[in-house]
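Heads up: the structure comes next, in structure tokens.
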């Protein structure tokens, strides 16, 4: 009751939606997310058909499809993650305080007295959105809840992924669309750079979890463990390692050929 009258204060806003941590369920969001994933693979293959000559080798086509798919994943999936982190928010009640950090419906990913974008009155992330791309990340956040909010390490890595790795993957696709016999070492140089960055990014994403007992990971069911965490993330370890191996083979072969030419030229001088 007000001191000057009986007008009641407005009710506090409702709590934000809970972070999705329920058991594994294959629902419409799960199916649509997987279909989008497959659609990006199809789009990458379609781009290879359009950009590469019919005489392109199988290896060149696989490398092109992978890097095109990689770029699409970075731009569409991870780009939408950054959009949620910067532009999707929930207004906190005015009564919110540091003591409420353990509220079951409020998950903070920043240290005490550290606020995302310096905003103490807002929570950012996919957990607080209702659009389809917010739903997509809410689904993945069932396996790794950091992707539903604004974990500082994850967001920092994703900024590099979207704005550096994505364009670099497109550049590699452009190089692969050119004559296969020209600029081989140049192509593999940039593939080495990107593959190394992908592996490093994966390590920096999961190493903090492993070193702290994986508090944000849900490995209690096969969908989250083997599909979301292992398969989806494992692709960006296995394929980059294969690319590094192929790059090593190509560079070793080029060096051997150059050494042979130098030897022949040296022998000709003796004659």
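Numbering (full-length UniProt numbering), first residue to last: 1 to 271.
Built from N, CA and C at the ideal position, the CB exists for glycine as well.
If you drop the 5 nearest sequence neighbours on each side, which residues of the same chain put their C-beta closer than 8 Å to that of residue 5?
Mapped onto the chain shown, residue 5 falls at position 5. Its pLDDT being 45, under 50, residue 5 is placed unreliably by the model, and nothing is read from it.
If you draw a straight line from the alpha carbon of residue 40 to that of residue 72, how long is it in whole angstroms?
For this step, residue 40 is matched to residue 40 along the chain shown. For this step, residue 72 is matched to residue 72 along the chain shown. Answer to the nearest angstrom: the Cα atoms are 6 Å apart.
Assess, as a yes-or-no matter, whether the stretch 189-207 is touched by the stretch 158-168 under the definition of 3 or more beta carbon pairs within less than 8 Å.
For the pair of segments examined, the stretch 158-168 was found to touch the stretch 189-207: the number of CB pairs separated by less than 8 Å reaches three.
Simplified DSSP state of residue 90, which is helix, strand or coil:
Taking the first residue of the chain shown as position 1, residue 90 is located at position 90. Here DSSP, grouped into helix, strand and coil, assigns residue 90 to strand.
Residue 124, enclosing beta strand (DSSP E) - first and last residue
Against the chain shown, residue 124 aligns to sequence position 124. Boundaries of the beta strand (DSSP E) around residue 124: 122-124.
Restricting to Cα atoms, I'd like to know which of 246, 255, 59 and 123 is closest to residue 149.
Taking the first residue of the chain shown as 1, we reach residue 149 at position 149. The alpha carbon of residue 149 has as its nearest neighbour, out of 246, 255, 59 and 123, the alpha carbon of 123.
Say whether the stretch 77-85 touches the stretch 127-135, bearing in mind that this needs 3 or more beta-carbon pairs closer than 8 Å, one atom from each stretch.
Pairwise C-beta distances place the stretch 77-85 in contact with the stretch 127-135, as three or more of them are shorter than 8 Å.
Identify the continuous alpha helix (DSSP H) that holds residue 29 and give its terminal residues.
Locating residue 29 in the chain shown gives position 29, where the first residue counts as 1. Where residue 29 is concerned, the enclosing alpha helix (DSSP H) stretches over 28-51.
Could you give the distance in angstroms between the alpha-carbon of residue 46 and the alpha-carbon of residue 66?
In the chain shown, the residue the question calls residue 46 occupies position 46. In the chain shown, the residue the question calls residue 66 occupies position 66. C-alpha separation (whole angstroms): 12 Å.
Can you tell which of 223, 110 and 243 has its C-alpha closest to the C-alpha of residue 26?
By one-based count along the chain shown, residue 26 stands at place 26. Of 223, 110 and 243, the residue nearest in Cα terms is 223.
Ignore the nearest five residues each way along the sequence and tell me which others in residue 254's own chain have a CB closer than 8 Å to its CB.
Here residue 254 refers to the residue found at position 254 of the chain shown. Cβ-Cβ distances below 8 Å link residue 254 to 184 and 185 in the same chain, with the five nearest sequence neighbours on each side left out; the list follows chain order.
Excluding sequence positions up to five away, which residues of its chain have a Cβ less than 7 Å from the Cβ of residue 233?
Working through the chain shown from its first residue, we reach residue 233 at position 233. For residue 233, where only same-chain residues beyond five positions count, the Cβ hits under 7 Å are 202.
Whose C-beta lies closer than 6 Å to the C-beta of residue 190 among residues of the same chain, with five residues either side of it excluded?
Here residue 190 refers to the residue found at position 190 of the chain shown. The beta carbon of residue 190 sits closer than 6 Å to those of 172, all from its chain and outside the five residues before and after it, given in chain order.
Residue 108, DSSP secondary structure in three states
As a working mapping, residue 108 is identified with position 108 in the chain shown. Reduced to three states, the DSSP call for residue 108 is coil.
If you scan the stretch 177-226 from start to end, which runs of the alpha helix (DSSP H) of 4 or more residues do you find wholly inside it?
The DSSP assignment places 184-211 as complete runs of the alpha helix (DSSP H) inside the stretch 177-226, in order along the chain (cut-off: 4 residues).
For residue 3, count the other beta carbons within 10 Å of its own beta carbon; 16 or more makes it buried, fewer makes it exposed. Which is it?
By 1-based counting over the chain shown, the position of residue 3 is 3. Since pLDDT at residue 3 reaches only 41, below the 50 mark, its modelled position is unreliable, and the value read off the structure follows with that caveat. Label assigned to residue 3: exposed.
Would you say residue 243 and residue 169 are within 8 Å of each other, going by their C-beta atoms?
Mapped onto the chain shown, residue 243 falls at position 243. Mapped onto the chain shown, residue 169 falls at position 169. Taking 8 Å as the cut-off, the Cβ atoms of residue 243 and residue 169 do not count as close.
Opposing strand residues paired with residue 70 [DSSP bridges]
Counting from one through the chain shown, the residue named residue 70 turns up at place 70. Note: residue 70 sits in no beta bridge, so no partner.
Would the beta-carbon of residue 85 fall within 8 Å of that of residue 125?
Here the question's residue 85 lines up with position 85 in the chain shown. Here the question's residue 125 lines up with position 125 in the chain shown. Against a cut-off of 8 Å, the Cβ pair of residue 125 and residue 85 comes out as a contact.
When you compare the CB positions of residue 217 and residue 144, do they come within less than 8 Å of one another, or not?
Working through the chain shown from its first residue, we reach residue 217 at position 217. Working through the chain shown from its first residue, we reach residue 144 at position 144. Less than 8 Å separates the beta-carbon of residue 217 from that of residue 144.
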